[in-house]
Amino acid sequence: MRRPLLALLIVAGAFPVPAEAARRSTSAIVSEIMIRAIEDFIQPGYQRFHLASGELTADVERLCAPPSDKALQKARAAFSKTAVAWSHIEIVRFGPVAGENRYERILFYPDRRGVGLKQVQSLVNGFEPYPQTLAELQGKSVALQGLPALEYALSGTGAEALASTESSDRCHYAQLVANNIQSIARELDEAWADPEGVSRLWMNPGSDNPVIRDNREALVELLGVVVHGIEMIRDIRLRGLFGETPESDRPNAAIYRRAGVTFASIAANLQGIQSLFETAGMTLVLAPEEREIGYRISEELAGAIALTQSLDGAPSDLMHSPEGRANLEELRDRLARIKTLTNEDYGNAVGLTAGFSFADGD
424 MRRPLLALLI
434 VAGAFPVPAE
444 AARRSTSAIV
454 SEIMIRAIED
464 FIQPGYQRFH
474 LASGELTADV
484 ERLCAPPSDK
494 ALQKARAAFS
504 KTAVAWSHIE
514 IVRFGPVAGE
524 NRYERILFYP
534 DRRGVGLKQV
544 QSLVNGFEPY
554 PQTLAELQGK
564 SVALQGLPAL
574 EYALSGTGAE
584 ALASTESSDR
594 CHYAQLVANN
604 IQSIARELDE
614 AWADPEGVSR
624 LWMNPGSDNP
634 VIRDNREALV
644 ELLGVVVHGI
654 EMIRDIRLRG
664 LFGETPESDR
674 PNAAIYRRAG
684 VTFASIAANL
694 QGIQSLFETA
704 GMTLVLAPEE
714 REIGYRISEE
724 LAGAIALTQS
734 LDGAPSDLMH
744 SPEGRANLEE
754 LRDRLARIKT
764 LTNEDYGNAV
774 GLTAGFSFAD
784 GD
């Protein structure tokens, strides 16, 4: 049975110990943090995404036979649930999700030049033939395989026809995409759940480990998830919406705007970061006199989540409202503070920022 992390902390901090013993204690804490990150955040996160994707597949299949307004609304609700479940775990960019283009096959975003959107529109407008099998879909562009493609199929222009038999080809395509998402979700869930698989490698650093060699690398990876997650939200999900002037804003570039879960997704991103940081106990690797840094990170994350959850309305409406725009700018400012706290203050405190930049991925 694993000793509670707090017990390790008390043992490490309650008595004067030689330097070598202190290093061993710190190493034990980092090991426990990595175990908790995997068992209490990563594995449950992929499991929730897998379960949600299964419900999505079932609801899209029911939409296609027979179609109805009620079935369409249920499929859309299942999509929203799946997008939010993915948003909670998508901050993890290492491990199986980094292989075989799995991340991009689930989420091709940002679509800066609209290439992915044009590819999906070519299908639904009849300029290109729909794929007929899952294997055929998986051989096509990643932009046609994941959540943004399914969002357009269910909620884009002309999607109301899914409630009737007039759009059976489009519905079959939606089925294929939902099945593809579920297939990838299953792969990720099973890969991390396998006790002899990737989780064992990440929980047991060593010189002969092909994935992670020591506890310093483990802490670097986890802190990198936090920093890069904050950076992704601030610089891609939010900053990408703002132009040089309000007139040049790009609210239509907002993620999941057609499904109406832009800010639910961003809140889930932030909740994922908060969950990783707090569930894994990342504050406890700090020296007692520096733990205020960890508490401030948690406080700022809680504030950013509350602010995001208060954002009510479509991105375009918020950006055209003085109050809404001010709230979005305040959120960007909060994220900038969190990035400084994590990338610089926390990193410095645990001895990782000398010649190291999490933001650059070095």
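Heads up: the sequence shown is residues 424 to 785, going by the numbering used here. In this text, a Cβ means the ideal position worked out from N, Cα and C, and glycines have one as well.
- Kindly indicate which residue of R680, A576, L775 and T763 has the alpha-carbon position closest to the one of D740. R680
- Query: Around the C-beta of A430, are 16 or more other C-beta atoms found within 10 angstroms, so that it is buried, or is it exposed?
  - Reply: Any reading at A430 must be qualified, since the residue scores a pLDDT of 39, below 50, and its modelled position is unreliable; the value itself is stated next. Of the residues assessed, A430 falls on the exposed side of the cut-off, its CB having fewer than 16 other CB atoms within 10 angstroms.
- Using the Cα positions of R593 and A691, report the straight-line distance between them to the nearest angstrom. Each residue's Cα considered, the two are about 29 Å apart.
- Query: Should the stretch 539-549 be called in touch with the stretch 563-570, which here means at least 3 C-beta pairs below 8 Å?
  - Reply: yes
- Item | Per-residue DSSP class, three states only, for R673 | coil
- Within the same chain, show all residues whose beta-carbon is closer than 8 Å to that of M655, passing over the 5 residues directly before and after it, in chain order. I514 and N692
- Query: Apart from the five residues just before and just after A584, which ones in its own chain have a Cβ nearer than 8 Å to its Cβ?
  - Reply: Closer than 8 Å at the Cβ level, and outside the excluded window around A584, lie S590 and R593.
- Which whole-angstrom value is the C-beta distance of V507 and L642, which I expect to be below 8 Å? About 28 Å; that fails the 8 Å criterion.
- Task: Answer with buried or exposed for G522, where buried requires no fewer than 16 other C-beta atoms within 10 angstroms of its C-beta.
- Result: exposed
- Query: So, are the CB atoms of I512 and Y469 less than 7 Å apart?
  - Reply: Yes.
- Item | Backbone secondary structure at D492 - three-state DSSP | Reduced to three states, the DSSP call for D492 is helix.
- Quick one: what's got a C-beta closer than 8 Å to G581's C-beta in the same chain, skipping five residues either side? If we look at G581 and ignore the five residues flanking it on each side, its Cβ neighbours are V547, S590 and R593.
- Looking at the C-beta of I656, does it have a partner C-beta in chain D at a distance below 7 Å? The chain labelled as chain D is not found in the depicted structure, where only one protein chain is given.
- Item | Rounded straight-line distance, which links the Cα of V648 to that of G717 | 15 Å
- So, using beta-carbon positions, are R760 and E715 closer together than 7 Å? no
- Item | CA-to-CA distance, A475 to D735, given in whole angstroms | Looking at the backbone, the Cα of D735 and that of A475 are separated by about 24 Å.
- Query: Span of the alpha helix (DSSP H) holding Y373?
  - Reply: The displayed coordinates of the chain run from 424 to 785. Any statement about residue 373 would go beyond what the structure contains.
- Item | Whole-number beta carbon distance between F472 and A608, since they are thought to touch under 8 Å | Taking 8 Å as the upper bound for CB-CB distance, A608 and F472 are in contact here, some 5 Å apart.
- Cut-off 7 Å between Cβ atoms - residues of its own chain near L758, not counting five sequence neighbours on either side: I653, I656, R657 and A727
- First and last residue of the uninterrupted alpha helix (DSSP H) at A481: Q466 to C487
- How would you label G562, buried or exposed, when you count the other beta carbons within 10 angstroms and need 16 or more for buried? exposed
- Task: Please classify G770: is it buried, with 16 or more other beta-carbons within 10 angstroms of its beta-carbon, or exposed?
- Result: buried
- Query: Cα separation between G477 and L646?
  - Reply: A direct Cα-to-Cα measurement between G477 and L646 gives close to 31 Å.
- According to DSSP, is V773 helix, strand or coil? In the structure shown, V773 adopts coil according to DSSP, grouped into three states.
- Query: Are the stretch 457-464 and the stretch 701-714 in contact at 8 Å, needing three or more beta carbon pairs?
  - Reply: Verdict: yes, contact present.
- Query: For E574, is the classification buried or exposed, using 16 other Cβ atoms within 10 angstroms of its Cβ as the cut-off for buried?
  - Reply: Looking at its Cβ environment, which holds 16 or more other Cβ atoms inside 10 Å, E574 is buried.
- Span of the alpha helix (DSSP H), counted from its first residue to its last, around M655: N638 to M655
- Let me know the secondary structure DSSP gives A584 once reduced to three states. helix
- Between the CA atoms of W625 and V634 - distance to the nearest angstrom: Each residue's Cα considered, the two are about 7 Å apart.
- D612: beta carbon under 6 Å from a heavy atom of the ligand ADP? Inclusion of the ligand ADP in the displayed structure is not the case, the ligand content being empty and no account of it being possible.
- Identify whether T668 lies in helix, strand or coil by the three-state DSSP scheme. coil
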